[in-house]
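Notes for the one structure printed next.
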Amino acid sequence: MPDPFDLRIADGVATLTLTRPKTLNSLTFAVYEALRRFFEQSVRDDSFRVVVITGTGRGFCSGGDVHEIIGELFQRDVKGLLEFTRMTGDVVKAIRLLDKPVIAAVNGLAAGAGAVISLASDLRVAAESASWRFLFTQVGLTGADMGAGYLLPRVVGLSKATEMLMLGDKVDATTAERFGLANRVVPDDQLMATTMELARRLADGPTLAISMTKRMILNELNMDLVSAIEAEAQAQALMLQSKDHRAFYEAFKEKRAPRFTGE
Numbered sequence: 302m303p304d305p306f307d308l309r310i311a312d313g314v315a316t317l318t319l320t321r322p323k324t325l326n327s328l329t330f331a332v333y334e335a336l337r338r339f340f341e342q343s344v345r346d347d348s349f350r351v352v353v354i355t356g357t358g359r360g361f362c363s364g365g366d367v368h369e370i371i372g373e374l375f376q377r378d379v380k381g382l383l384e385f386t387r388m389t390g391d392v393v394k395a396i397r398l399l400d401k402p403v404i405a406a407v408n409g410l411a412a413g414a415g416a417v418i419s420l421a422s423d424l425r426v427a428a429e430s431a432s433w434r435f436l437f438t439q440v441g442l443t444g445a446d447m448g449a450g451y452l453l454p455r456v457v458g459l460s461k462a463t464e465m466l467m468l469g470d471k472v473d474a475t476t477a478e479r480f481g482l483a484n485r486v487v488p489d490d491q492l493m494a495t496t497m498e499l500a501r502r503l504a505d506g507p508t509l510a511i512s513m514t515k516r517m518i519l520n521e522l523n524m525d526l527v528s529a530i531e532a533e534a535q536a537q538a539l540m541l542q543s544k545d546h547r548a549f550y551e552a553f554k555e556k557r558a559p560r561f562t563g564e
């Protein structure tokens, strides 16, 4: 069965585009599973160094499909429901644990699970028309879903995260940038050009150093200061032996731009 999204790889960048525009790219069981599989397998795929995820049409992703998921879940027992909720969480875990940068190009509404998938990405570039809604409570579910209760306070702060997760109000692009949820906001017609420029910059850069940075940020989230400083010392000692660091030094001496290989 082919993946229920479009995947294109060029210049070290994998662009994953959700392709259900009639439902603002809502997620089905098959889409969830395909996303989980893609991000888990991306660890071993050397054909790209950066992932961009976006949606077709007017929306980034409107969350779980009401008819294809919610209706079906009412037929499941607790064991079946837990199987589903763990699977959706696995998508976020795979994005966060992937040692490659993931950029969300948010082209419209990012709601529910779509909002969390964008949140799990390392960077978020938003179109001016973009908006977020963490609307789980609005459908009678906990706002802490798929890691939102863990990730959102670390991105926007505890007070704003509590408000967003409890009330589920719409957050427009300008507000998202002010909160730190959006890294950049650009005109709609410049969204993909801006995102790809950023993606290629990462893909052409010292990818080993970038992947180590992502790993260390994740590892240090729950460390105390002393443990974090020691962990960084050990990681940096390893990076000082990398070929990319040597490449920088040689280029500096020769007054030219370094050529990084990701080693």
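Numbering (the working numbering), first residue to last: 302 to 564.
Here a beta-carbon is modelled for each residue, glycine too, at the ideal position from N, C-alpha and C.
| Check | Outcome |
| --- | --- |
| Identity of the residues DSSP links to V352 by a beta bridge | A315 and V403 |
| Residue closest to L436, alpha-carbon to alpha-carbon, out of T476, D505, T514 and S363 | S363 |
| Three-state secondary structure assigned by DSSP to G365 | strand |
| 8 Å CB neighbourhood of D489 in its chain, flanking five on each side removed | N408, A428, E429 and S430 |
| Touching by the beta-carbon criterion (3+ pairs, under 8 Å), the stretch 321 to 332 and the stretch 359 to 374 | yes |
| Cβ pair count under 8 Å reaching 3, the stretch 384 to 397 against the stretch 503 to 512 | no |
| Reduced DSSP category for L459 - H, G, I as helix; E, B as strand; rest coil | helix |
| Buried or exposed (CB count within 10 angstroms, at least 16 for buried), V403 | buried |
| Short Cβ contact (8 Å threshold) for T495 with R485 | yes |
| heavy atom of the ligand SAM below 7 Å from E464 C-beta | This structure lacks the ligand SAM; in fact it carries no ligand of any kind. |
| Proximal residues to P305 (C-beta, below 6 Å), its chain only, five neighbours per side dropped | A331, V332 and A335 |
| A449 and V417 closer than 8 Å at C-beta | yes |
| First and last residue of the uninterrupted alpha helix (DSSP H) at L588 | The requested residue 588 does not occur in the structure, where the chain is confined to residues 302 to 564. |
| Extent of the continuous alpha helix (DSSP H) run through V440 | Unbroken run through V440: none, as it is neither H nor E. |
| Cβ-based neighbour list, V344, same chain, cut-off 7 Å, excluding 5 preceding and 5 following | L399 and D400 |
| Unbroken beta strand (DSSP E) run spanning L410, endpoints | L410 to A412 |
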